[in-house]
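Notes follow the structure.
Number of protein chains: 2
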Amino acid sequence: MEIKEISQAVIGRLPRYYRYLGDLKDEGVERISSQELSELMKVTASQIRQDFNNFGGFGQQGYGYNVEYLYKEIGKILGLDQTHHFIIIGAGNLGQALGGYLNFERRGFIFSGMFDQNPALIGKEVRGVKVQPMEEMEAFVKNNAVDIAVLTIPKTGAVDVAEKLVSYGIKAIWNFAHVDLNVPEGIQVENVHLSDSLMKLSYNINRYDQLVAENQ
Amino acid sequence: MEIKEISQAVIGRLPRYYRYLGDLKDEGVERISSQELSELMKVTASQIRQDFNNFGGFGQQGYGYNVEYLYKEIGKILGLDQTHHFIIIGAGNLGQALGGYLNFERRGFIFSGMFDQNPALIGKEVRGVKVQPMEEMEAFVKNNAVDIAVLTIPKTGAVDVAEKLVSYGIKAIWNFAHVDLNVPEGIQVENVHLSDSLMKLSYNINRYDQLVAENQ
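Sequence lines, in order, name chains A and B.
The opening residue of the first sequence carries number 3 in my numbering; numbering runs sequentially from there.
The opening residue of the second sequence carries number 3 in my numbering; numbering runs sequentially from there.
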């Protein structure tokens with residue numbers, strides 16, 4: 003099967019467009035030019051036009067974009083017109099934070115199950131969802147429509163748990179464990195490696211300090 | 003001042019190299035070729051060599067890289083040979099999760115203060131750090147060496163809090179609020195927009211389903 007993909011760099015920018023357009027819509031703005039959007043988002047107007055051209059362009063240039071239409075269309079491209087059910091593996095603070103976010107639900111991501119191996123957490127409720135022991139995960143995934151598994155467990159164990167989830171039929175993993183998962187083709191993985199992000203910040207702090215020192 | 007930067011794409015890949023090299027070191031591996039590293043990390047050997055060439059190349063090719071040396075050198079580039087103190091603004095589950103990570107401390111990121119406006123959370127202890135009211139933030143930042151402020155507060159308020167932090171002297175913000183901050187040049191910001199990441203996953207799920215349907 004040939005997979006003709008739009009680059010992940012473009013896809014990675016869509017949620018940001020979606021966020022800005024949602025804010026504009028909430029503020030009652032009806033139309034916006036690529037130039038205005040460019041100034042607001044601090045990207046070039048040509049980048050915006052190029053990105054949008056991947057999806058047919060979304061309407062006339064001179065006149066500007068219809069904010070509500072553009073917001074809806076990008077939402078559809080992102081699959082936000084559909085409902086996704088997710089479970090969280092790991093009921094620690096991070097898992098609880100993610101389970102608690104109402105914003106995810108507003109975008110169609112429904113929190114439907116939570117699992118942990120720590121007996122102290124079993125039975126605890128997070129936004130109406132009870133934490134279940136890991137042994138219940140298989141039956142839950144097989145008996146419920148679960149689209150996404152969120153991994154908020156330590157790196158040891160994460161690879162095994164991911165393999166199990168895939169064998170139970172999970173098609174997408176949102177991975178917060180600090181390890182790269184090894185999944186078959188067709189399983190979607192999105193990593194959030196928090197340490198990596200912090201190290202990138204650390205690099206930029208130190209590099210800037212060096213540059214200031216060099217230029218003094 | 004001219005800022006000669008290595009591309010953020012390269013910087014963004016460094017923490018992943020660092021992670022793999024740390025694992026190899028822990029497993030007792032002494033040398034590794036770019037080819038072996040390429041297979042392990044699933045990036046091309048030429049990408050690895052190009053990335054490393056930004057920093058002088060880290061030693062001979064034919065012989066392979068010295069794992070411990072490479073690990074240390076990349077750590078230095080990332081500023082991990084230095085200590086950074088961070089405070090967390092927002093003592094909810096996400097803030098507590100970040101405050102609780104011992105891994106950050108192992109890399110030299112010291113959790114030293116936590117602030118929230120919710121009276122119910124004031125005085126609560128997260129890994130030995132007491133949650134203080136927001137009013138204490140200014141004095142704390144001015145009287146202590148704080149390198150990084152972590153924002154784990156809702157988007158309303160985040161822009162204001164970031165502005166205040168910068169005016170108190172904060173040079174770097176690790177931003178989890180779902181909004182882009184507006185900071186002066188020289189202030190480093192690293193965003194973790196969790197909703198954006200989830201939407202990207204959602205796109206990939208739906209796009210894959212479409213491709214499968216189209217190819218059937």
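Ideal placement from N, C-alpha and C gives every residue a C-beta, glycine not left out.
- When DSSP reads this structure, A:Gly102 sits in no beta bridge, so it has no partner.
- Within the model, the alpha-carbon separation for B:Asn105 versus A:Glu187 is close to 31 Å.
- Taking a C-beta distance under 7 Å as the contact criterion, A:Leu72 and A:Leu23 qualify as a contact pair.
- Counting the other Cβ atoms within 10 Å of the Cβ of A:Leu42 gives fewer than 16, which makes it exposed.
- For A:Met116, none of the residues of chain B pass the 8 Å Cβ criterion, the least Cβ distance being about 13 Å.
- Listed as beta-bridge partners of B:Asp118 by DSSP are B:Pro135.
- Contact check for A:Gly110 and A:Thr85: beta-carbon distance about 5 Å, within the 8 Å limit, so the pair qualifies.
- The DSSP-derived three-state label of A:Phe88 is strand.
- Each of B:Val12, B:Ser114 and B:Tyr20 was checked against the Cα of A:His180, and the nearest Cα belongs to B:Tyr20.
- Going by C-alpha positions, B:Gly58 is about 14 Å away from B:Lys78.
- In chain order, Leu196, Ser197 and Leu200 make up the part of chain B whose C-beta sits under 9 Å from the C-beta of A:Phe106.
- Cβ contact annotation for A:Leu96 (same chain, cutoff 8 Å, sequence separation greater than five): Thr154 and Phe178, in chain order.
- Pairing A:Ala99 with A:Met116 gives a Cβ-Cβ distance that is not under 7 Å.
- Its chain contains Gly66 as the residues whose beta carbon lies nearer than 8 Å to that of A:Glu38, once the 5 sequence neighbours on both sides are disregarded; these appear in chain order.
- Scanning the segment 155-198 of chain A from its first residue to its last, the whole beta strand (DSSP E) runs of 3-plus residues come out as 174-177 and 190-193.
- Secondary structure of A:Phe54 (DSSP, three-state): helix.
- At a cut-off of 7 Å between beta-carbon atoms, B:Ser204 makes contact with chain A.
- About 7 Å separates the CB atoms of A:Ala151 and A:Phe88; that is less than 8 Å, so the two are in contact.
- Following the DSSP letters along the chain, one finds A:Ala147 in no alpha helix (DSSP H), marked with neither H nor E.
- DSSP places B:Ile8 outside both helix and strand once states are collapsed to three, so it counts as coil.
- Straight across, the Cα-Cα distance linking A:Pro135 with B:Asp162 is about 42 Å.
- By the 16-neighbour rule on beta-carbons within 10 angstroms, B:Gln52 is exposed.
- Look at A:Ile34 here: in three-state DSSP terms it is strand.
- At a C-beta separation below 9 Å, B:Asp28 has no neighbours in chain A, since its nearest C-beta there lies roughly 12 Å away.
- Close to A:Arg109, with beta-carbon spacing below 9 Å, are these residues of chain B in chain order: Ser197, Leu200, Met201 and Ser204.
- Boundaries of the alpha helix (DSSP H) around B:Leu72: Val69 to Ile79.
- Bridge pairing for B:Glu127: B:Lys132 [DSSP].
- Using a CB distance below 7 Å, the part of the segment 145-172 of chain A facing chain B consists of Asp149 and Ile150, ordered along the chain.
- Counting every other CB atom within 10 Å of its CB across the protein chains shown gives A:Ser204 a total of 16 or more, marking it as buried.
- Apart from the 5 residues on each side of it in sequence, A:Leu196 sits with its Cβ closer than 8 Å to the Cβ of Phe178 and His180 in its chain, given in chain order.
- Across the set A:Leu213, A:Asn55 and A:Trp176, the C-alpha of A:Trp176 shows the shortest separation from the C-alpha of B:Ser199.
- Just measuring C-alpha positions, the residue of B:Ser40, B:Asn68 and B:Arg18 sitting nearest B:Gly30 is B:Asn68.
- Within the segment 88-103 of chain B, the residues whose Cβ lies closer than 7 Å to some Cβ of chain A are Gly94, Asn95, Leu96, Gln98, Ala99 and Gly102, listed in chain order.
- The Cβ atoms of B:Ser36 and B:Ile50 sit closer than 7 Å to each other.
- Nearest to A:Arg129 by C-alpha distance, out of A:Leu16, A:Tyr103 and A:Phe60, is A:Tyr103.
- Residue-level contact check: A:Asn208 touches chain B, since one or more beta carbons of chain B fall below 7 Å from its beta carbon.
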